[in-house]
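Residue numbers (this note's numbering): -8 to 426. Backbone N, C-alpha and C fix where the C-beta goes; we use that ideal spot for every residue, glycine too.
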(Lines of atoms letter the chains of each structure in order from A and count residues from 1; the text may use other names and numbers.)
(Lines give C-alpha, C1' and ligand atoms only; values in the text may rest on other atoms or scores of the structure.)
Protein backbone atom coordinates (compact mmCIF):
# COMPACT_ATOMS: atom_id res chain seq x y z
CA UNK A 1 0.00 0.00 0.00
CA UNK A 2 1.42 3.41 -0.93
CA UNK A 3 1.80 6.01 1.74
CA UNK A 4 1.12 9.71 1.50
CA UNK A 5 3.59 11.47 3.85
CA UNK A 6 2.50 14.89 2.65
CA UNK A 7 -1.16 14.11 3.37
CA UNK A 8 -0.33 12.77 6.82
CA UNK A 9 1.84 15.79 7.57
CA UNK A 10 -0.86 18.20 6.43
CA UNK A 11 -3.49 16.44 8.52
CA UNK A 12 -1.24 16.40 11.59
CA UNK A 13 0.37 19.84 11.43
CA UNK A 14 -2.10 21.77 9.30
CA UNK A 15 -4.27 23.01 12.20
CA UNK A 16 -1.21 24.25 14.11
CA UNK A 17 0.19 26.07 11.08
CA UNK A 18 -3.11 27.76 10.24
CA UNK A 19 -3.83 28.74 13.85
CA UNK A 20 -0.28 29.98 14.39
CA UNK A 21 -0.43 32.14 11.27
CA UNK A 22 -3.78 33.68 12.24
CA UNK A 23 -2.61 34.40 15.79
CA UNK A 24 0.68 35.92 14.63
CA UNK A 25 -1.02 38.25 12.18
CA UNK A 26 -3.59 39.34 14.78
CA UNK A 27 -0.97 40.13 17.41
CA UNK A 28 1.23 41.97 14.92
CA UNK A 29 -1.72 44.09 13.80
CA UNK A 30 -2.75 44.87 17.37
CA UNK A 31 0.84 45.73 18.27
CA UNK A 32 0.51 48.87 16.14
CA UNK A 33 -1.17 50.49 19.12
CA UNK A 34 1.69 49.85 21.56
CA UNK A 35 3.13 53.36 21.22
CA UNK A 36 -0.14 54.74 22.62
CA UNK A 37 -0.09 52.59 25.76
CA UNK A 38 1.35 55.26 28.02
CA UNK A 39 0.34 57.10 31.16
CA UNK A 40 -1.79 60.17 30.58
CA UNK A 41 -3.08 59.03 27.18
CA UNK A 42 -6.60 57.68 26.63
CA UNK A 43 -5.60 54.45 24.90
CA UNK A 44 -9.13 53.02 25.14
CA UNK A 45 -10.80 55.74 23.06
CA UNK A 46 -7.91 55.96 20.61
CA UNK A 47 -7.76 52.20 20.07
CA UNK A 48 -11.52 51.88 19.60
CA UNK A 49 -11.40 54.67 17.01
CA UNK A 50 -8.65 52.82 15.14
CA UNK A 51 -9.92 49.25 15.49
CA UNK A 52 -6.96 48.27 17.68
CA UNK A 53 -8.50 47.77 21.11
CA UNK A 54 -7.14 45.09 23.43
CA UNK A 55 -8.12 44.40 27.04
CA UNK A 56 -4.63 43.02 27.52
CA UNK A 57 -3.08 46.41 26.82
CA UNK A 58 -5.84 48.54 28.34
CA UNK A 59 -5.86 46.70 31.67
CA UNK A 60 -2.07 46.67 31.81
CA UNK A 61 -2.11 50.44 31.34
CA UNK A 62 -4.80 51.03 33.96
CA UNK A 63 -3.34 48.77 36.63
CA UNK A 64 0.43 49.06 36.29
CA UNK A 65 1.63 52.03 34.23
CA UNK A 66 2.15 55.41 35.89
CA UNK A 67 4.01 58.49 34.69
CA UNK A 68 7.69 57.63 34.72
CA UNK A 69 7.43 54.21 36.35
CA UNK A 70 5.62 50.90 36.65
CA UNK A 71 3.83 49.67 39.78
CA UNK A 72 3.12 46.07 40.80
CA UNK A 73 0.27 45.94 43.33
CA UNK A 74 -0.45 42.36 44.38
CA UNK A 75 -3.69 41.28 42.67
CA UNK A 76 -6.75 41.16 44.91
CA UNK A 77 -4.68 41.97 48.00
CA UNK A 78 -3.68 45.50 47.00
CA UNK A 79 -5.66 45.77 43.76
CA UNK A 80 -9.13 44.73 42.70
CA UNK A 81 -9.43 43.25 39.23
CA UNK A 82 -12.65 42.61 37.33
CA UNK A 83 -11.73 39.03 36.50
CA UNK A 84 -11.38 35.76 38.45
CA UNK A 85 -8.22 35.23 40.46
CA UNK A 86 -6.09 33.25 38.01
CA UNK A 87 -6.63 35.68 35.16
CA UNK A 88 -5.66 38.52 37.48
CA UNK A 89 -2.25 36.91 37.99
CA UNK A 90 -1.81 36.30 34.27
CA UNK A 91 -2.34 40.05 33.87
CA UNK A 92 0.04 40.90 36.74
CA UNK A 93 3.00 38.58 36.20
CA UNK A 94 4.12 40.00 32.81
CA UNK A 95 4.28 43.47 34.39
CA UNK A 96 7.59 42.34 35.94
CA UNK A 97 9.15 41.71 32.53
CA UNK A 98 11.55 44.36 31.17
CA UNK A 99 10.49 46.14 28.04
CA UNK A 100 7.14 47.48 29.18
CA UNK A 101 3.85 46.89 27.36
CA UNK A 102 5.56 45.43 24.29
CA UNK A 103 7.06 42.49 26.22
CA UNK A 104 3.88 42.09 28.28
CA UNK A 105 1.82 41.85 25.10
CA UNK A 106 4.30 39.39 23.60
CA UNK A 107 4.05 37.23 26.73
CA UNK A 108 0.27 37.22 26.38
CA UNK A 109 0.68 36.20 22.75
CA UNK A 110 2.94 33.28 23.61
CA UNK A 111 0.52 32.11 26.31
CA UNK A 112 -2.44 32.43 23.96
CA UNK A 113 -0.66 30.48 21.23
CA UNK A 114 0.31 27.73 23.67
CA UNK A 115 -3.28 27.47 24.89
CA UNK A 116 -4.62 27.37 21.33
CA UNK A 117 -2.19 24.63 20.33
CA UNK A 118 -3.14 22.76 23.50
CA UNK A 119 -6.82 22.90 22.55
CA UNK A 120 -6.01 21.65 19.05
CA UNK A 121 -3.95 18.73 20.41
CA UNK A 122 -6.70 17.72 22.83
CA UNK A 123 -9.44 17.94 20.22
CA UNK A 124 -7.43 15.84 17.78
CA UNK A 125 -7.40 13.04 20.36
CA UNK A 126 -11.18 13.15 20.70
CA UNK A 127 -12.28 13.83 17.12
CA UNK A 128 -9.54 15.07 14.74
CA UNK A 129 -11.75 17.14 12.38
CA UNK A 130 -13.00 19.16 15.38
CA UNK A 131 -9.57 20.76 15.73
CA UNK A 132 -10.41 22.94 12.74
CA UNK A 133 -13.21 24.59 14.74
CA UNK A 134 -10.44 26.27 16.73
CA UNK A 135 -7.65 26.38 14.17
CA UNK A 136 -9.47 27.86 11.19
CA UNK A 137 -11.93 30.26 12.76
CA UNK A 138 -11.70 33.87 11.52
CA UNK A 139 -12.13 34.85 15.17
CA UNK A 140 -8.47 33.92 15.75
CA UNK A 141 -7.48 36.61 13.29
CA UNK A 142 -10.01 39.16 14.52
CA UNK A 143 -10.44 38.59 18.26
CA UNK A 144 -7.64 36.48 19.74
CA UNK A 145 -5.58 39.44 20.96
CA UNK A 146 -8.51 41.23 22.58
CA UNK A 147 -8.55 39.16 25.76
CA UNK A 148 -7.30 35.90 27.32
CA UNK A 149 -10.34 33.81 26.33
CA UNK A 150 -8.29 31.19 24.50
CA UNK A 151 -6.44 30.41 27.73
CA UNK A 152 -9.76 29.75 29.47
CA UNK A 153 -10.92 27.68 26.51
CA UNK A 154 -8.06 25.20 26.79
CA UNK A 155 -9.20 24.37 30.33
CA UNK A 156 -12.76 23.81 29.09
CA UNK A 157 -11.58 21.56 26.28
CA UNK A 158 -9.21 19.65 28.56
CA UNK A 159 -11.91 19.03 31.18
CA UNK A 160 -14.26 17.54 28.57
CA UNK A 161 -11.66 15.54 26.64
CA UNK A 162 -10.03 14.13 29.78
CA UNK A 163 -13.44 13.14 31.11
CA UNK A 164 -13.99 11.18 27.92
CA UNK A 165 -10.61 9.51 28.42
CA UNK A 166 -11.59 8.55 31.99
CA UNK A 167 -8.81 10.73 33.39
CA UNK A 168 -11.21 12.05 35.97
CA UNK A 169 -8.72 13.69 38.33
CA UNK A 170 -7.20 15.70 35.49
CA UNK A 171 -10.67 16.62 34.24
CA UNK A 172 -11.73 17.92 37.65
CA UNK A 173 -8.49 19.86 38.08
CA UNK A 174 -8.83 21.43 34.65
CA UNK A 175 -12.43 22.45 35.30
CA UNK A 176 -11.34 24.13 38.55
CA UNK A 177 -8.50 26.03 36.87
CA UNK A 178 -10.82 27.13 34.07
CA UNK A 179 -13.50 28.24 36.51
CA UNK A 180 -11.14 30.54 38.37
CA UNK A 181 -9.58 31.80 35.17
CA UNK A 182 -12.64 32.73 33.11
CA UNK A 183 -15.65 31.20 34.94
CA UNK A 184 -17.35 29.59 31.91
CA UNK A 185 -15.66 26.16 32.32
CA UNK A 186 -17.57 25.72 35.61
CA UNK A 187 -20.31 24.25 33.39
CA UNK A 188 -18.33 21.01 33.14
CA UNK A 189 -18.77 20.40 36.90
CA UNK A 190 -22.51 19.64 37.03
CA UNK A 191 -22.28 17.51 33.90
CA UNK A 192 -19.36 15.43 35.16
CA UNK A 193 -20.88 15.00 38.61
CA UNK A 194 -24.21 13.98 37.06
CA UNK A 195 -22.49 11.36 34.92
CA UNK A 196 -20.42 9.81 37.71
CA UNK A 197 -23.21 10.23 40.25
CA UNK A 198 -25.56 8.28 37.97
CA UNK A 199 -23.09 5.42 37.83
CA UNK A 200 -22.91 5.40 41.62
CA UNK A 201 -26.70 5.51 41.94
CA UNK A 202 -27.24 2.69 39.47
CA UNK A 203 -24.56 0.54 41.10
CA UNK A 204 -26.10 1.02 44.56
CA UNK A 205 -29.56 0.13 43.21
CA UNK A 206 -28.32 -2.99 41.43
CA UNK A 207 -28.55 -6.41 43.16
CA UNK A 208 -25.44 -7.29 45.13
CA UNK A 209 -23.09 -9.69 43.40
CA UNK A 210 -21.88 -12.86 45.09
CA UNK A 211 -18.76 -12.35 47.18
CA UNK A 212 -16.67 -14.78 45.09
CA UNK A 213 -16.98 -13.81 41.43
CA UNK A 214 -13.56 -14.88 40.29
CA UNK A 215 -13.06 -17.66 37.77
CA UNK A 216 -9.99 -19.72 36.93
CA UNK A 217 -9.53 -17.96 33.59
CA UNK A 218 -9.96 -14.50 35.16
CA UNK A 219 -13.15 -13.73 33.23
CA UNK A 220 -14.87 -12.61 36.41
CA UNK A 221 -12.05 -10.37 37.59
CA UNK A 222 -12.97 -7.14 39.34
CA UNK A 223 -12.57 -4.15 36.98
CA UNK A 224 -11.38 -0.77 38.20
CA UNK A 225 -12.41 1.42 41.13
CA UNK A 226 -15.95 1.63 42.46
CA UNK A 227 -18.36 4.27 41.09
CA UNK A 228 -18.22 6.11 44.43
CA UNK A 229 -14.48 6.43 44.11
CA UNK A 230 -14.86 7.76 40.57
CA UNK A 231 -17.06 10.59 41.85
CA UNK A 232 -14.43 11.41 44.45
CA UNK A 233 -11.68 11.18 41.86
CA UNK A 234 -13.32 14.03 39.91
CA UNK A 235 -14.69 16.09 42.79
CA UNK A 236 -11.69 16.11 45.12
CA UNK A 237 -9.27 17.78 42.66
CA UNK A 238 -11.97 20.24 41.63
CA UNK A 239 -12.81 21.20 45.22
CA UNK A 240 -9.23 21.12 46.49
CA UNK A 241 -7.86 23.33 43.73
CA UNK A 242 -10.78 25.74 44.10
CA UNK A 243 -10.07 26.00 47.82
CA UNK A 244 -6.33 26.49 47.32
CA UNK A 245 -6.96 29.23 44.76
CA UNK A 246 -9.79 31.09 46.46
CA UNK A 247 -9.69 30.62 50.23
CA UNK A 248 -6.44 32.53 50.93
CA UNK A 249 -7.67 35.57 49.02
CA UNK A 250 -11.13 35.40 50.58
CA UNK A 251 -9.48 35.41 54.02
CA UNK A 252 -7.00 38.21 53.28
CA UNK A 253 -9.02 40.44 50.93
CA UNK A 254 -12.59 39.25 50.60
CA UNK A 255 -13.98 42.45 49.09
CA UNK A 256 -11.35 42.73 46.34
CA UNK A 257 -11.56 39.01 45.55
CA UNK A 258 -15.33 39.12 45.08
CA UNK A 259 -15.18 42.36 43.10
CA UNK A 260 -15.41 40.33 39.90
CA UNK A 261 -18.93 39.17 40.80
CA UNK A 262 -20.13 42.60 41.95
CA UNK A 263 -18.61 44.31 38.93
CA UNK A 264 -20.43 42.02 36.50
CA UNK A 265 -23.67 42.23 38.44
CA UNK A 266 -23.65 46.03 38.18
CA UNK A 267 -22.50 46.34 34.56
CA UNK A 268 -25.17 47.54 32.12
CA UNK A 269 -26.03 45.34 29.19
CA UNK A 270 -24.03 45.69 25.99
CA UNK A 271 -25.05 44.43 22.55
CA UNK A 272 -27.10 41.62 24.05
CA UNK A 273 -30.45 40.03 23.34
CA UNK A 274 -31.70 41.84 26.44
CA UNK A 275 -30.85 45.21 24.94
CA UNK A 276 -32.91 44.49 21.86
CA UNK A 277 -35.75 43.26 24.08
CA UNK A 278 -35.50 46.51 26.05
CA UNK A 279 -35.97 48.48 22.84
CA UNK A 280 -39.24 46.62 22.26
CA UNK A 281 -40.81 46.60 25.73
CA UNK A 282 -38.89 49.45 27.35
CA UNK A 283 -35.76 49.63 29.49
CA UNK A 284 -37.86 50.20 32.62
CA UNK A 285 -39.30 46.70 32.17
CA UNK A 286 -35.99 45.10 31.23
CA UNK A 287 -33.77 46.66 33.86
CA UNK A 288 -30.40 45.43 35.06
CA UNK A 289 -31.87 43.40 37.92
CA UNK A 290 -34.33 41.70 35.57
CA UNK A 291 -31.54 40.93 33.10
CA UNK A 292 -29.36 39.39 35.80
CA UNK A 293 -32.21 37.22 37.09
CA UNK A 294 -33.39 36.27 33.61
CA UNK A 295 -29.91 35.25 32.48
CA UNK A 296 -29.41 33.20 35.62
CA UNK A 297 -32.74 31.40 35.12
CA UNK A 298 -31.99 30.52 31.50
CA UNK A 299 -28.48 29.26 32.26
CA UNK A 300 -29.76 27.40 35.33
CA UNK A 301 -32.44 25.71 33.23
CA UNK A 302 -29.86 24.71 30.62
CA UNK A 303 -27.59 23.29 33.33
CA UNK A 304 -30.46 21.34 34.89
CA UNK A 305 -31.61 19.92 31.55
CA UNK A 306 -28.08 19.00 30.50
CA UNK A 307 -27.30 17.33 33.82
CA UNK A 308 -30.59 15.40 33.71
CA UNK A 309 -29.89 14.10 30.22
CA UNK A 310 -26.38 13.09 31.24
CA UNK A 311 -27.81 11.33 34.30
CA UNK A 312 -30.14 9.29 32.08
CA UNK A 313 -27.38 8.23 29.71
CA UNK A 314 -25.90 4.75 29.85
CA UNK A 315 -22.36 4.60 31.19
CA UNK A 316 -20.84 3.81 27.81
CA UNK A 317 -22.28 6.99 26.26
CA UNK A 318 -21.65 9.40 29.11
CA UNK A 319 -18.51 10.95 27.63
CA UNK A 320 -20.46 12.02 24.56
CA UNK A 321 -23.37 13.25 26.69
CA UNK A 322 -21.09 15.35 28.90
CA UNK A 323 -19.57 16.99 25.81
CA UNK A 324 -22.99 17.71 24.30
CA UNK A 325 -24.52 19.01 27.53
CA UNK A 326 -21.51 21.24 28.20
CA UNK A 327 -21.61 22.64 24.67
CA UNK A 328 -25.37 23.25 24.82
CA UNK A 329 -25.10 25.12 28.12
CA UNK A 330 -22.12 27.24 27.04
CA UNK A 331 -24.05 28.29 23.93
CA UNK A 332 -27.16 29.11 26.00
CA UNK A 333 -25.02 31.17 28.39
CA UNK A 334 -23.52 33.13 25.53
CA UNK A 335 -26.96 33.66 23.99
CA UNK A 336 -28.37 35.34 27.12
CA UNK A 337 -25.23 36.91 28.57
CA UNK A 338 -25.95 40.58 29.16
CA UNK A 339 -22.52 41.57 27.83
CA UNK A 340 -21.57 40.58 24.33
CA UNK A 341 -18.04 41.25 23.15
CA UNK A 342 -16.78 39.93 19.78
CA UNK A 343 -14.18 37.59 21.33
CA UNK A 344 -16.92 35.64 23.15
CA UNK A 345 -17.64 33.87 19.88
CA UNK A 346 -14.43 31.90 20.54
CA UNK A 347 -16.28 30.08 23.35
CA UNK A 348 -19.02 29.08 20.93
CA UNK A 349 -16.43 27.78 18.49
CA UNK A 350 -15.02 25.74 21.38
CA UNK A 351 -18.50 24.43 22.17
CA UNK A 352 -18.94 23.37 18.56
CA UNK A 353 -15.56 21.64 18.68
CA UNK A 354 -16.15 19.59 21.84
CA UNK A 355 -19.59 18.56 20.56
CA UNK A 356 -18.17 17.70 17.09
CA UNK A 357 -20.91 19.68 15.34
CA UNK A 358 -21.33 19.73 11.55
CA UNK A 359 -19.07 22.17 9.73
CA UNK A 360 -21.99 24.30 8.51
CA UNK A 361 -22.38 25.77 11.98
CA UNK A 362 -18.71 26.68 12.07
CA UNK A 363 -18.99 28.46 8.72
CA UNK A 364 -22.00 30.44 10.00
CA UNK A 365 -20.10 31.39 13.14
CA UNK A 366 -17.16 32.54 11.04
CA UNK A 367 -19.40 34.90 9.08
CA UNK A 368 -20.92 36.12 12.35
CA UNK A 369 -17.50 36.81 13.89
CA UNK A 370 -16.55 39.00 10.92
CA UNK A 371 -19.91 40.82 11.11
CA UNK A 372 -19.48 41.43 14.84
CA UNK A 373 -15.97 42.75 14.40
CA UNK A 374 -17.06 45.06 11.60
CA UNK A 375 -19.77 46.58 13.76
CA UNK A 376 -17.71 46.82 16.97
CA UNK A 377 -14.44 48.16 15.60
CA UNK A 378 -15.19 49.66 12.19
CA UNK A 379 -18.66 51.23 12.29
CA UNK A 380 -19.11 52.10 15.97
CA UNK A 381 -16.44 54.68 16.78
CA UNK A 382 -16.46 56.69 20.06
CA UNK A 383 -15.55 59.96 18.32
CA UNK A 384 -18.04 59.57 15.48
CA UNK A 385 -21.60 59.14 16.73
CA UNK A 386 -23.70 57.54 14.02
CA UNK A 387 -26.94 55.73 13.42
CA UNK A 388 -25.57 52.26 12.84
CA UNK A 389 -27.52 50.74 15.71
CA UNK A 390 -29.57 48.75 13.20
CA UNK A 391 -26.36 46.93 12.23
CA UNK A 392 -25.89 45.97 15.87
CA UNK A 393 -29.48 44.72 16.10
CA UNK A 394 -28.91 42.69 12.94
CA UNK A 395 -25.85 41.14 14.54
CA UNK A 396 -27.83 40.30 17.68
CA UNK A 397 -30.61 38.66 15.67
CA UNK A 398 -28.18 36.65 13.52
CA UNK A 399 -26.20 35.59 16.60
CA UNK A 400 -29.32 34.47 18.45
CA UNK A 401 -30.60 32.46 15.49
CA UNK A 402 -27.26 30.67 15.05
CA UNK A 403 -26.94 29.98 18.76
CA UNK A 404 -30.48 28.61 18.98
CA UNK A 405 -29.84 26.31 16.02
CA UNK A 406 -26.58 25.08 17.54
CA UNK A 407 -28.13 24.50 20.97
CA UNK A 408 -31.08 22.70 19.34
CA UNK A 409 -28.66 20.41 17.51
CA UNK A 410 -27.01 19.56 20.84
CA UNK A 411 -30.41 18.83 22.39
CA UNK A 412 -31.36 16.51 19.53
CA UNK A 413 -28.08 14.64 19.90
CA UNK A 414 -28.57 14.40 23.66
CA UNK A 415 -32.03 12.94 23.17
CA UNK A 416 -30.62 10.32 20.82
CA UNK A 417 -27.84 9.55 23.27
CA UNK A 418 -30.09 9.17 26.30
CA UNK A 419 -33.60 8.05 25.30
CA UNK A 420 -33.75 5.20 27.82
CA UNK A 421 -30.66 4.36 29.83
CA UNK A 422 -29.48 0.79 29.72
CA UNK A 423 -28.68 -0.89 33.01
CA UNK A 424 -24.96 -1.53 32.73
CA UNK A 425 -22.66 -3.31 35.14
CA UNK A 426 -21.14 -0.87 37.60
CA UNK A 427 -17.45 -0.16 37.42
CA UNK A 428 -15.90 -2.46 39.97
CA UNK A 429 -18.35 -5.32 39.29
CA UNK A 430 -17.51 -8.58 37.60
CA UNK A 431 -16.96 -8.48 33.88
CA UNK A 432 -19.18 -10.87 31.87
CA UNK A 433 -17.54 -14.09 30.79
CA UNK A 434 -16.82 -14.45 27.11
CA UNK A 435 -18.90 -16.91 25.15
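Inter-residue CB distance, residue i and residue j (contact presumed, cutoff 8 Å)
i           : j           : result
residue 146 : residue 183 : With 8 Å as the limit, residue 146 and residue 183 do not qualify as a contact, their Cβ atoms being about 13 Å apart.
residue 218 : residue 256 : Actually they are not in contact, since the Cβ atoms of residue 218 and residue 256 sit about 38 Å apart, beyond 8 Å.
residue 224 : residue 166 : 13 Å between Cβ atoms; not a contact.
residue 268 : residue 277 : 5 Å
residue 133 : residue 293 : The pair is not a contact, with the Cβ atoms about 27 Å apart (cut-off 8 Å).
residue 142 : residue 106 : 4 Å
residue 300 : residue 312 : 6 Å
residue 129 : residue 357 : 5 Å
residue 164 : residue 6   : About 25 Å separates the two Cβ atoms, so there is no contact after all.
residue 302 : residue 185 : 5 Å
Extent of the continuous alpha helix (DSSP H) run through residue i
i           : result
residue 38  : 34 to 40
residue 225 : 218 to 243
residue 92  : 92 to 117
residue 317 : 309 to 327
residue 404 : 380 to 408
residue 280 : 279 to 303
residue 54  : 46 to 55
residue 362 : 350 to 365
residue 170 : 159 to 173
residue 131 : 129 to 134
residue 343 : 336 to 345
residue 140 : 140 to 155
residue 125 : 122 to 126
residue 76  : 76 to 83
Residue i versus residue j: straight-line alpha-carbon distance, rounded
i           : j           : result
residue 310 : residue 151 : 8 Å
residue 3   : residue 404 : 28 Å
residue 220 : residue 157 : 13 Å
residue 86  : residue 63  : 7 Å
residue 259 : residue 148 : 30 Å
residue 347 : residue 275 : 41 Å
residue 51  : residue 91  : 10 Å
residue 228 : residue 170 : 13 Å
residue 139 : residue 49  : 13 Å
residue 350 : residue 241 : 44 Å
residue 331 : residue 306 : 37 Å
residue 336 : residue 196 : 43 Å
residue 75  : residue 173 : 6 Å
residue 112 : residue 126 : 11 Å
residue 61  : residue 8   : 36 Å
residue 323 : residue 283 : 14 Å
residue 78  : residue 395 : 30 Å
residue 192 : residue 29  : 59 Å
residue 23  : residue 40  : 13 Å
residue 245 : residue 70  : 12 Å
residue 243 : residue 308 : 44 Å
residue 14  : residue 328 : 26 Å
residue 367 : residue 254 : 22 Å
residue 94  : residue 88  : 7 Å
residue 136 : residue 231 : 32 Å
residue 168 : residue 103 : 16 Å
residue 371 : residue 262 : 12 Å
Per-residue burial, residue i [other beta carbons within 10 Å of its own, 16 or more giving buried]
i           : result
residue 288 : exposed
residue 57  : exposed
residue 108 : buried
residue 381 : exposed
residue 363 : buried
residue 117 : buried
residue 369 : exposed
residue 377 : exposed
residue 176 : buried
residue 19  : exposed
residue 252 : exposed
residue 354 : exposed
residue 373 : exposed
residue 385 : exposed
residue 271 : exposed
residue 204 : Confidence is the limiting factor: at residue 204 the pLDDT is only 45, short of 50, which leaves the residue's position unreliable and the question unanswerable from this model.
residue 290 : buried
residue 375 : exposed
residue 202 : The predicted model places residue 202 with a pLDDT of 43, which falls under 50 and marks its position as unreliable; any figure quoted below should be read in that light. The residue is exposed, with fewer than 16 neighbouring Cβ atoms inside 10 Å.
residue 406 : exposed
Residue(s) in a DSSP beta bridge with residue i
i           : result
residue 375 : 372
residue 181 : Looking at the DSSP assignment, residue 181 forms no beta bridge with any residue, so it has no partner.
residue 261 : 330
residue 61  : 56
residue 70  : 66
Min CB distance residue i to chain D below 9 Å
i           : result
residue 343 : Looking for chain D here will not work: only one protein chain is present.
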